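Visitor:
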Amino acid sequence: MSETYLKDNLRLWDERVATHLDTEFYGMDRFRRGGSSLTHIEREALPDVAGKRLLHLQCHFGQDTLSWARLGAEVTGMDFSPKAIATARALSAELGLPARFLLSDLYGLPDLLDETFDLVFTSYGVLKWLPDIQRWGEIVARYLRPGGTFFLVEFHPFTYVFDYDRAEQIAHPYFVGDDPISYDEEGTYADLDAGPKTVHRAHSWPHPVSRVISALLRAGLHLESFEEYPYSTLGCFPFVREQGPERFVHKTHPGMVPLLYSIKATRP
Numbered sequence: 121m122s123e124t125y126l127k128d129n130l131r132l133w134d135e136r137v138a139t140h141l142d143t144e145f146y147g148m149d150r151f152r153r154g155g156s157s158l159t160h161i162e163r164e165a166l167p168d169v170a171g172k173r174l175l176h177l178q179c180h181f182g183q184d185t186l187s188w189a190r191l192g193a194e195v196t197g198m199d200f201s202p203k204a205i206a207t208a209r210a211l212s213a214e215l216g217l218p219a220r221f222l223l224s225d226l227y228g229l230p231d232l233l234d235e236t237f238d239l240v241f242t243s244y245g246v247l248k249w250l251p252d253i254q255r256w257g258e259i260v261a262r263y264l265r266p267g268g269t270f271f272l273v274e275f276h277p278f279t280y281v282f283d284y285d286r287a288e289q290i291a292h293p294y295f296v297g298d299d300p301i302s303y304d305e306e307g308t309y310a311d312l313d314a315g316p317k318t319v320h321r322a323h324s325w326p327h328p329v330s331r332v333i334s335a336l337l338r339a340g341l342h343l344e345s346f347e348e349y350p351y352s353t354l355g356c357f358p359f360v361r362e363q364g365p366e367r368f369v370h371k372t373h374p375g376m377v378p379l380l381y382s383i384k385a386t387r388p
């Protein structure tokens, strides 16, 4: 990844940490009282994590990682943001939830961590920040023990074709090349109604689903399941409306377009 792209994205995510801790979206009061940040999709996909070693890639400030710890997993989280990792470590200590948090860019993780895990997990808005999806697949496979399981739940890249302000408009291509889409990111998905918004330059690579699946297959994993969902479990886009608990559908085409997908794969 270009140093410029990395620095811009890191600046964005470092600043978001403090903001996100105070948003209703992340519900930190409820979380501190023992709540979970995991949605029904990941809970149903990985129903029994107790006693298993779990690696959470791109964990932000560790809320999901610590939610897995509450279910009995032995957890390791990684993220490239120093402020996110510092916050994750502080939360782990505050809540008495054992966890290990590593500061690393995803592509540099093999230089820092030489282990394998029963489970590798990543979720919601992570892949578009990675320029090399094939290398990502190799890293996922490298951290799975034989027989281990990888689970991804992610915003469907079709989500990113829509104009944020005009839900019915297609504004961006689904199929993109190797160069990033560079844009000014205003505010944060965690508080769409915030007042004056900080603007950051950001760079993303919204990989088509076919590339994601191919990356895992080429890395030697076996595809166990692939699901698409006509809703998002998180209301973090201005073009969705709430239909029910953990169900946000497209405003103008409810139930007609995919907003999430999930993949479960295993290492032979």
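Numbering (this note's numbering), first residue to last: 121 to 388. No residue lacks a Cβ here, since even glycine has one placed at the ideal position from N, Cα and C. Note that the structure is predicted; figures quoted are calculated from it, not measured.
#1: Taking DSSP as the reference, what is the three-state secondary structure of F359?
#2: What is the rounded straight-line gap between the Cα of L312 and the Cα of P266?
#3: For R136, collect the residues of the same chain with a Cβ closer than 7 Å to its Cβ; drop the 5 residues on either side in sequence, then sort them by chain order.
#4: Buried or exposed: which applies to G297, given that a residue is buried once 16 or more other Cβ atoms fall within 10 Å of its Cβ?
#5: What number of angstroms, rounded off, separates the C-alpha of S224 from the C-alpha of T207?
#6: Can you give the Cα-Cα distance for W133 and S201, rounded to whole angstroms?
#7: Taking S212 as the reference, which of G228, R286, T185 has the closest Cα?
#8: If you drop the 5 nearest sequence neighbours on each side, which residues of the same chain put their C-beta closer than 6 Å to that of E214?
#9: What do you reckon, are the CB atoms on L379 and H370 nearer than 8 Å?
#10: Between V319, P326, A385, I290, which lies nearest to V246 when the distance is taken from Cα to Cα?
#11: Starting from the N-terminal side, write out each stretch of the beta strand (DSSP E) that is 3 residues or longer and does not extend beyond the region 125 to 176.
#12: Would you check if the distance between the CB atom of S243 and the CB atom of E194 is smaller than 8 Å?
#13: Classify F278 as helix, strand or coil using the three-state DSSP reduction.
#14: How far does the alpha helix (DSSP H) with G257 in it reach, from first residue to last?
#15: Mind reading off the beta-carbon distance from G197 to G182? Whole number of angstroms is fine, and I expect it under 8 Å.
Guide: In terms of the structure at hand:
#1: coil
#2: 42 Å
#3: T308
#4: exposed
#5: 15 Å
#6: 7 Å
#7: If you compare the alpha carbons of G228, R286, T185 with that of S212, the shortest gap goes to T185.
#8: Nothing meets the Cβ criterion.
#9: yes
#10: P326
#11: As far as the region 125 to 176 is concerned, its whole beta strand (DSSP E) runs of at least 3 residues are 173 to 176.
#12: no
#13: helix
#14: 253 to 262
#15: 5 Å
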